[in-house]
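Enquirer: This note's numbering numbers the first residue of the sequence shown as 2 and each following residue consecutively.
Note that the Cβ used here is the ideal one computed from N, Cα and C, for glycine as well.
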Amino acid sequence: MKNLAGLMKQATQMQARMEEMQAKLEDMVIEGSAGAGMVTLTMNGKGDMKSITIDPKLADPAEMEMMQDLILAASADARKKLDATASEEMKKVTGGLNLPGGMKFPF
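(1) In chain order, what residues of the same chain lie with their CB nearer than 6 Å to the CB of Ile72, ignoring the 5 residues before and after it?
(2) Do the stretch 79-98 and the stretch 22-34 make contact, defined as three or more Cβ pairs closer than 8 Å?
(3) Near Asp78, which residues of its chain fall below 8 Å by C-beta distance, leaving aside the five closest residues on each side in sequence?
(4) Any idea what DSSP makes of Ala35, helix, strand or coil?
(5) Could you tell me if Gly46 is buried or exposed, where buried requires 16 or more neighbouring beta carbons within 10 angstroms of its beta carbon?
(6) Based on Cα-Cα distance, which residue from Met29, Met19 and Ala37 lies nearest to Ala74?
(7) Between Met68 and Ser52, what straight-line distance do the alpha-carbon atoms span, to the nearest angstrom?
(8) For Asp84, which option in Leu59, Val30 and Thr54 has the closest C-alpha, if you only look at C-alpha atoms?
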């Protein structure tokens, strides 16, 4: 029973560290860009887009399709960076144990 109690204590501590990490991620601001910086955007740790900057040269109506594609690409770039950052933070909390995102302790 001592092992079970110790395991539950570790799980509770890991849960607390995971909650701290999730709060830290929510406060992060991640920037993505596309088109050699012609479109940049920022998103928070939840993946919500917070701002977007578009080079005025792209405002040409003939370039609207390219601008839309670049916005999508910048969003994907920021999301990729966010996922990588979240994964690294999770590894710090779990000591390299590969757990699925959103996993709560104790089981």
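Expert: Working from what's here:
(1) Position 71 of the sequence shown holds residue 72. Around Ile72: Val40.
(2) yes
(3) Reading the sequence shown from its first residue, position 77 is the one you call residue 78. Once the five neighbours on either side are set aside, the close Cβ partners of Asp78 are Gly33, Ser34 and Ala35.
(4) Within the sequence shown, the letter at position 34 stands for residue 35. In the structure shown, Ala35 sits in a strand (DSSP, three-state: E or B).
(5) One-based indexing of the sequence shown puts residue 46 at position 45. So Gly46 ends up on the buried side.
(6) The sequence position of residue 74 within the sequence shown is 73, counting from 1. Closest by alpha carbon: Ala37.
(7) One-based indexing of the sequence shown puts residue 68 at position 67. One-based indexing of the sequence shown puts residue 52 at position 51. Rounded to whole angstroms, Met68 to Ser52 spans 15 Å at the Cα level.
(8) In the sequence shown, residue 84 corresponds to position 83, counting from 1. Checked all of Leu59, Val30 and Thr54; the closest Cα to Asp84 is Val30.
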